[in-house]
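Before any comments, here is the structure.
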Amino acid sequence: MHSKLQLTVLSLYKQFLRASAEQPALREHIRQSFRDAAVKYQKTDTFLIEYNLRRAQRQLDSLKTHSIAGFNKRCFFFSCSYHPAIMTDVRNMAVFAFTTEWEQVTEIRNYLNEKGANIPVNDEDHSSENISKITSALIEKCDVLAKCSHEDAEMTLNSIITLIATADESSAPALVERFCSKLTSDVFKGIGVSSMGGASFRVLQNLFNNFSQNSACQFIAFKSLLTVASRSGLMSMLDTSRDAVEGHIAQWALNVNQKREFLRLLNKCLVADERTDAGAAVMIALLETYDADAASAVDDARECVRTALVDGKSFSFDHLMRLSAVKHLEKADPLMFSALKLFSEGMLSDYNNFVKANPKFVDDILKVDAQVLIKKMRILTLMSMAATQKVIPLDVVSSKLEIPDDETLEEFIITAVQLNAVNAKINEKTRTLSINSFRHRSFGRTQWEDLQQKLGSLIANLKISHQSMKEITTDGEVTDSPAVESA
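Numbering (this note's numbering), first residue to last: 941 to 1427.
Here it is, written out as structure tokens:
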């Protein structure tokens, strides 16, 4: 029993054979192509088969109406050497109905008109130019789908993607740009997967996957994906790891301005998702793109510093001080640079004096709850104390951190240990804090020399231990020998 799709393939095969009856060479090429297709494609490759069937139908029409000499065997139906003109990945198509482009575009147009799109109707002109014109109108009027359920909207939007996929390489990016602008508009807002925002997110994922071989279209689609994911609470569904981001940037061959645009947007979305640590890393990557043009990076440098300061898990800032763009802030934005220097080297008391002198800085510039920064400065102060003392009286810790209550102080120290700022234990009998290890606030020449000394001592101790074990083994062999002989 043949499926509907198999019957369609067989019917098309027969029509090709009839159309090429007078050309034995072409007829044999057609037979071989279908044989190859039977081996190459699985039953599960429905979207890919349907895509090629649509294309083959156009070739058959051309074969029937034009000279055989103009027929291109190299891009024949199901040919392994064929690559779509705009490099879409048809294996990733979410929707593909086996209808002609004209039937599909008119069906979608009629559906949108039912929802109030008012797209002009001209059913006499079936030319590719008119199909392209209607496709543009579908994109322009697709926001009427906001009146539908998110399931119906998603299905129709995916259908429009299949029409975009048939556009030529030169016009595809513009169509993708306009389509994405619609999906990122307020019309398709919503929180969560079961919302209009979730539908937009999935449609954009399909759009992104369909253009896996078209860098320009993927770049546009991914930026929209970030925007929709951020406002819909779906950032966790996107891979924004460092490896993934670097892979995208390399694959898309972005120029420096495009790379900066992408990293700015990614940082904004990560921070909105309360992933300030990841956002801070992205901003550092952004500032590393500046060198000679560091003076033009004032806004980016300012945002990078702000993100790092408000990040509750970031306790080292000396790497920022070495960036050219950040160094330029000393002249361009002295207040922000002073804040960075304070968090890099200062103590809680220094922070309190800074806030008194600049009372609006935290709320208006850093835009963060004051308690977040106070907690961070307390941790940084404890790290500085740990660097100079192995055993610290609790009264001194309480005074420096301005936490008079013993129970609250203990909770704070536990938090500092959990954040790997210090590794310490409270001795209640002696009322002291014993420091086992700590994280450095900065890692410069002094710290490298200290590390070199410790590694040297470790290697020396290992050599001594190895030699001792060797001597013990040797002594054992000597001792055992007489016993073996006497036995």
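The beta-carbon is built from N, C-alpha and C at its ideal position, and this holds for glycine as well.
The beta strand (DSSP E) enclosing P1333, as first and last residue numbers | In the sequence shown, counting from the first residue as 1, residue 1333 sits at position 393. Unbroken beta strand (DSSP E) run through P1333: V1331 to P1333.
Please list the segments of the alpha helix (DSSP H) lying wholly inside the region 1209-1284, counting only runs of 4 or more residues, in order along the chain.
-> 1216-1227, 1238-1250, 1258-1261, 1264-1267 and 1269-1272
Say the cut is 6 Å; is the CB of E1350 nearer than that to a heavy atom of the ligand FAD?
-> As presented, the structure is devoid of all ligands, the ligand FAD included, so that no description of it is given.
Give me the Cα-Cα distance between S1089 and M1136, rounded to the nearest whole angstrom.
-> For the purposes of this step, residue 1089 is taken as residue 149 along the sequence shown, with counting starting at 1. For the purposes of this step, residue 1136 is taken as residue 196 along the sequence shown, with counting starting at 1. Cα to Cα, the separation comes out at about 8 Å.
I1375: first and last residue of the uninterrupted alpha helix (DSSP H) it sits in = Counting from one through the sequence shown, the residue named residue 1375 turns up at place 435. Counting along the chain, I1375 falls outside any alpha helix (DSSP H), though it belongs to the beta strand (DSSP E) covering T1372 to F1378.
From S1289, N1293, S1284 and R1242, residue whose alpha carbon lies closest to that of P1274 = Here residue 1274 is taken as the residue at index 334 of the sequence shown, counted from 1. Checked all of S1289, N1293, S1284 and R1242; the closest Cα to P1274 is R1242.
Exposed or buried, C1020, counting other C-beta atoms within 10 Å across all chains shown (16 or more means buried)?
-> In the sequence shown, residue 1020 corresponds to position 80, counting from 1. Because C1020 carries a pLDDT of 34, less than 50, the predicted location of this residue cannot be relied on, and no value is offered for it.
Please check the pair M1177 and C1209, which I expect to be a contact at CB under 8 Å, by giving their CB distance rounded to whole angstroms.
-> For this step, residue 1177 is matched to residue 237 along the sequence shown. For this step, residue 1209 is matched to residue 269 along the sequence shown. So it is not a contact: roughly 12 Å between Cβ atoms.
Does the beta carbon of L1322 sit closer than 7 Å to a beta carbon anywhere in chain B?
-> No chain B is part of this structure, which consists of one protein chain only.
Report the three-state DSSP secondary structure of V1133 (helix, strand or coil).
-> What you label residue 1133 is simply residue 193 of the sequence shown in a count that begins at 1. In the structure shown, V1133 sits in coil (DSSP, three-state: anything other than H, G, I, E or B).
Proximity winner among R1171, T1216, K1073 and S1155, relative to Q1198 (alpha-carbon distances) = For the purposes of this step, residue 1198 is taken as residue 258 along the sequence shown, with counting starting at 1. Minimum Cα distance to Q1198 is reached at S1155.
Opening and closing residue of the beta strand (DSSP E) in which A1364 lies | Along the sequence shown, one-based indexing puts residue 1364 at 424. Taken as a continuous stretch (DSSP letters only), the beta strand (DSSP E) holding A1364 covers V1362 to N1367.
Where does K1055 fall in DSSP's three states?
-> Reading the sequence shown from its first residue, position 115 is the one you call residue 1055. Coil at K1055, not helix or strand.
Got a sec? Which residues, its chain only, sit under 8 Å from M1223 by beta carbon, not counting five neighbours each side?
-> Position 283 of the sequence shown, counted from the start, is the residue given in the question as residue 1223. Counting only Cβ-Cβ distances below 8 Å, and skipping sequence neighbours, we find L1203, N1207, D1240, E1243, C1244, T1247 and A1248.
Beta-carbon separation (whole angstroms), L1373 vs I1332, contact threshold 8 Å = What you label residue 1373 is simply residue 433 of the sequence shown in a count that begins at 1. What you label residue 1332 is simply residue 392 of the sequence shown in a count that begins at 1. That belief holds up - the Cβ atoms of L1373 and I1332 are roughly 5 Å apart, short of 8 Å.
Please confirm whether T1250 and A1272 have their CB atoms less than 7 Å apart.
-> In the sequence shown, the residue the question calls residue 1250 occupies position 310. In the sequence shown, the residue the question calls residue 1272 occupies position 332. Note that residue 1250 corresponds to Val in the displayed sequence, not to Thr. No, they are not a contact pair.
For L957, which residues from the same chain have a beta carbon less than 8 Å from its beta carbon, with the 5 sequence-adjacent residues on both sides left out?
-> As a first step, residue 957 is located in the sequence shown; it is residue number 17 there, counting from the start. Excluding residues within five positions, the ones whose Cβ falls inside 8 Å are R967, I970 and R971.
Quick one: is F1017 buried, meaning 16 or more other Cβ sit within 10 Å of its Cβ, or exposed?
-> On the sequence shown, residue 1017 is found 77 positions in, with the first residue counted as 1. Legend: pLDDT at F1017 = 43, less than 50; position of this residue unreliable, value from coordinates given subsequently. Buried, because 16 or more other Cβ atoms sit within 10 Å of the Cβ of F1017.
Leaving out the 5 sequence neighbours to the left and right, which residues in its chain are closer than 8 Å to D1335 when beta-carbon positions are compared?
-> Indexing the sequence shown from 1 puts residue 1335 at position 395. So the list reads R1371, once near-sequence residues are dropped.
What first and last residue would you give for the alpha helix (DSSP H) that runs through T1348?
-> Counted from its first residue, the sequence shown places residue 1348 at position 408. Segment D1346 to Q1358, the alpha helix (DSSP H) holding T1348.
Inspect the CB distances between the region 1137-1145 and the region 1161-1171 and report whether three or more fall short of 8 Å.
-> yes
So S1072 is in the alpha helix (DSSP H); what residue range does that whole segment cover?
-> Taking the sequence shown and counting its residues from 1, the one referred to as residue 1072 is at position 132. S1068 to K1081 is the span of the alpha helix (DSSP H), which, as asked, contains S1072.
Quick one: Cα of D976 to Cα of V1211, how far?
-> Counted from its first residue, the sequence shown places residue 976 at position 36. Counted from its first residue, the sequence shown places residue 1211 at position 271. Rounded to the nearest angstrom, the two C-alpha atoms are 51 Å apart.
Excluding five sequence neighbours on each side, which residues of the same chain lie with their C-beta closer than 8 Å to the C-beta of N1298?
-> Taking the sequence shown and counting its residues from 1, the one referred to as residue 1298 is at position 358. Cβ within range, chain order: L1275.
From E1186 to K1129, what does the alpha carbon distance come to, in whole angstroms?
-> What you label residue 1186 is simply residue 246 of the sequence shown in a count that begins at 1. What you label residue 1129 is simply residue 189 of the sequence shown in a count that begins at 1. Their backbone Cα atoms lie some 29 Å apart in a straight line.
Collapsed DSSP secondary structure at F1151 in the structure displayed | Locating residue 1151 in the sequence shown gives position 211, where the first residue counts as 1. Reduced to three states, the DSSP call for F1151 is coil.
Write down the C-beta distance between L1078 and R1049 rounded to the nearest angstrom, noting that I regard them as a contact closer than 8 Å.
-> One-based indexing of the sequence shown puts residue 1078 at position 138. One-based indexing of the sequence shown puts residue 1049 at position 109. Confirmed, Cβ separation roughly 6 Å.
Which residue comes first and which comes last in the alpha helix (DSSP H) that contains G1187?
-> Here residue 1187 refers to the residue found at position 247 when the sequence shown is read from its first residue. R1182 to W1192 is the extent of the alpha helix (DSSP H) around G1187.
Element boundaries [alpha helix (DSSP H), containing K1296] | Here residue 1296 refers to the residue found at position 356 when the sequence shown is read from its first residue. Here the alpha helix (DSSP H) through K1296 covers L1288 to A1297.
Whole-Å CB distance - N1360 paired with R1379, under 8 Å assumed | For the purposes of this step, residue 1360 is taken as the residue at position 420 of the sequence shown. For the purposes of this step, residue 1379 is taken as the residue at position 439 of the sequence shown. N1360 to R1379, Cβ: 6 Å. Contact.
Roughly how many angstroms lie between the CA atoms of Q946 and K954, to the nearest whole one?
-> If you number the sequence shown from 1, residue 946 lands on position 6. If you number the sequence shown from 1, residue 954 lands on position 14. So the two alpha carbons sit approximately 12 Å from each other.
What is the DSSP secondary structure of C1088, counted as helix, strand or coil?
-> Indexing the sequence shown from 1 puts residue 1088 at position 148. DSSP places C1088 in coil when its eight states are reduced to three.
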